[in-house]
Structure formats: C-alpha cells, structure tokens
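Residue numbers (my numbering): 1 to 213. Glycine included, C-beta positions come from ideal geometry on N, C-alpha and C. Before any comments, here is the structure.
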Ligand code: SF4
C-alpha cells in the first residue's frame, strides 16, 4: 500500500545522505531495523572490540547480544550488575575501542550531527579514539537546521532520557527544556559534528522508520 510517511522519510533521508557524503561521512540507507542490524553487523569484524553508546536506538536493535555471541568484546555501561567504578572503566574503554556504535540526538538535512551528553563518553567516542564509528539513526531524528537539532535534543531526547533515568528535572513534568541548573541536569555537553573527524572511519546508517529518541 502507498504509504505517505515512507515517501516523506525517503525524501528526507535521500537529501540528508547526499549532504552527509559531501561532509565526508559514509552514509547508507536501511529500509528497517532488521536491515540496519545486518548492515551494522557486516561493518564490524569478529575480532573487533565494540563500545556501545548510551542509546535506546542501539538497544532496540538486539545487536549487543549478537555481537557478544559471535565473540566481539563489548563495552556496554548499561549492562546490569556493574559497580560505579566498573561503569566508569567501561565508559573509558569505549573511547579506545576499535568500533564505537551509537545513535545521535539529531541529524540535519545539511549533514551535521547534534548531541547532548551528561557524562561525555558518548560524544567523546564519536569524535576521537575509536578507529571506526557507526551511528544508526531513525528518520525521526532528521531535522532541517542545527538550531532545530539542538531544539530536538533539548525538547525531545533530553526530557525522555530524564524521565527514563528518573531524574528530578522540570522537563520530566513539562516535556520542555527550562535550561535548568539542578544537580540532576543531564544536559552538560553539546556537540555539533560538522564534518567527518580526521582520523575516524565514520559511518552513518539512516533507517526509514522511527527508532529511539
Ligand atoms: S537542561 Fe534540564 S530541563 Fe533542560 S532538558 Fe536538560 S535536564 Fe531537562
């Protein structure tokens, strides 16, 4: 059946992919989550260590279990059962892993990635350290401008993460960023990746459906 949303997403993905490539990134299209998963698994060799960013998108793919089962060393700080010191070490290990796998808070149609972090291991690993970075983003993450991307990160991704983490922030109740200054504030670092970082093999998989937030 003709689906207007599919067509809309395809148009936006097509333009975003062209501009990402102009900005030096490798960009690929996956029709759905299953295709994205196969594509990502094909980009990661069996012996490679893989850092996993704090990402609902990546967890929704069921890829972490598959990487572990085929023998990849995985650094996942969301894995249950770790002490705070171990979680810290896992975050540090992500920065020097062979591959860093994450999503992004927003991606502009002119080919830039916008992210907001509280700790910084995710954005640091996306910029320098891992030889290869793989970003998987649903079409719901595509915005027009950098300003729109920051708005999305602050008014969609951050409130949802604040709720997920049960933080005591106003956005948990309003769904809107008030630029709070609480101890629980999760928005501490904002990055805009405008072009492919010099030393990183940077791959972006855009998926033709909604993924994560
Ligand atoms: S700055 Fe504060 S209010 Fe705004 S999104 Fe982040 S945690 Fe929520």
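For residue 202, the CB contacts under 7 Å within the same chain, skipping 5 residues up- and downstream, are 25, 26, 133 and 196 in chain order. When secondary structure is reduced to three states using DSSP, residue 42 falls in the helix class. Residue 186 sits in coil when the DSSP states are folded into three classes, being neither helix nor strand. By the neighbour-count definition (other C-beta atoms within 10 Å, threshold 16), residue 131 is an exposed residue. Collapsing the DSSP output to three states places residue 168 in coil.
Any heavy atom of the ligand SF4 within less than 6 Å of a residue's beta carbon puts that residue on the list, which reads 154, 158, 159, 162, 169, 170, 171, 177, 178, 179, 180, 185, 186 and 187. Note on geometry: alpha-carbon atoms of residue 65 and residue 51 lie some 13 Å from one another.
Residue 51 sits in a strand when the DSSP states are folded into three classes.
Beta bridge pairing from DSSP links residue 132 with 99 and 201. DSSP, reduced to helix, strand and coil, places residue 176 outside both helices and strands of the structure shown, so it counts as coil. A direct Cα-to-Cα measurement between residue 188 and residue 171 gives close to 15 Å. The beta carbon of residue 110 sits closer than 7 Å to the beta carbons of 19 from its chain, once the five residues preceding and following it are set aside; these are given in chain order.
Residue burial is scored here from C-beta neighbours: residue 31 has fewer than 16 other C-beta atoms within 10 angstroms and is therefore classed as exposed. For residue 138, the three-state secondary structure derived from DSSP is strand. Straight-line spacing of the CA atoms in residue 153 and residue 168 works out to 18 Å. Here the alpha carbon of residue 124 sits roughly 19 Å from the alpha carbon of residue 161.
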